[in-house]
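S.K.: Dumping the structure here so I can ask a few things about it.
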Amino acid sequence: MAAIGVFCGSSRLLEPHWLDLAYQVGTTLASRGHLLVSGGGSVGMMGTLAEGARAAGGHTIGVIPRSLLDLEVGDQDADELLVTDGMAARKVLMIEKSDAFLTLPGGLGTLDELFEVWTTAALGIHRKPVVVLDHGGFYA
Numbered sequence: 015m016a017a018i019g020v021f022c023g024s025s026r027l028l029e030p031h032w033l034d035l036a037y038q039v040g041t042t043l044a045s046r047g048h049l050l051v052s053g054g055g056s057v058g059m060m061g062t063l064a065e066g067a068r069a070a071g072g073h074t075i076g077v078i079p080r081s082l083l084d085l086e087v088g089d090q091d092a093d094e095l096l097v098t099d100g101m102a103a104r105k106v107l108m109i110e111k112s113d114a115f116l117t118l119p120g121g122l123g124t125l126d127e128l129f130e131v132w133t134t135a136a137l138g139i140h141r142k143p144v145v146v147l148d149h150g151g152f153y154a
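Rendered as structure tokens:
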């Protein structure tokens with residue numbers, strides 16, 4: 015079983031097909047025996063991804079900065095909810111906890127996380143796979 019760090023959008027203003035994608039990815043990862051490491055949010059694709067993983071019997075670890083937890087967007091249903099001092103610490107902890115990374119559609123925060131793991135892989139800081147799911151040509 016691998017721990018898969020997934021980066022994706024957390025906006026509340028998403029079209030339903032993006033939420034459907036997140037749910038399907040969550041259920042697929044869990045049904046294949048993988049553990050989900052997410053950004054610890056309960057909204058948007060991030061929350062739906064974790065719901066899907068848990069619905070398929072998966073274990074979820076959320077990593078969230080205290081500032082977002084204080085806004086009451088934390089995934090309180092996570093099997094483990096780890097709270098960090100900030101966004102930078104969140105990325106470091108997600109990298110430590112994950113064996114591979116999957117990036118789904120998202121905004122600037124998602125791209126920031128993708129580039130962090132991609133850059134640290136290119137520098138040889140880790141040798142973990144980094145995958146981008148360009149669903150529907152979102153990133154094209």
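In our numbering, the protein residues as written are 15 to 154.
We put the beta carbon where it would ideally sit given N, CA and C, even for glycine.
Being a predicted model, the structure only gives us computed values, none of them experimental.
Should the stretch 110-125 be called in touch with the stretch 85-92, which here means at least 3 C-beta pairs below 8 angstroms?
M.R.: no
S.K.: Expressed to the nearest angstrom, what Euclidean distance is found between the alpha-carbon atoms of His-73 and Arg-46?
M.R.: 12 angstroms
S.K.: Name, in chain order, the residues that DSSP records as bridge partners for Gly-55.
M.R.: Gly-88
S.K.: Which residue from Ile-78, Pro-30, Asp-34 puts its Cα closest to that of Met-101?
M.R.: Ile-78
S.K.: Could you work out which residue in Ala-36, Gly-53, Val-57 is closest to Asp-126 when comparing CA atoms only?
M.R.: Gly-53
S.K.: Starting from Ala-17, follow the beta strand (DSSP E) in both directions and report where the run begins and ends.
M.R.: 17-21
S.K.: By alpha-carbon positions, which one of Gly-150, Phe-152, Lys-105 ends up nearest to Trp-132?
M.R.: Lys-105
S.K.: Any idea what DSSP makes of Ala-154, helix, strand or coil?
M.R.: coil
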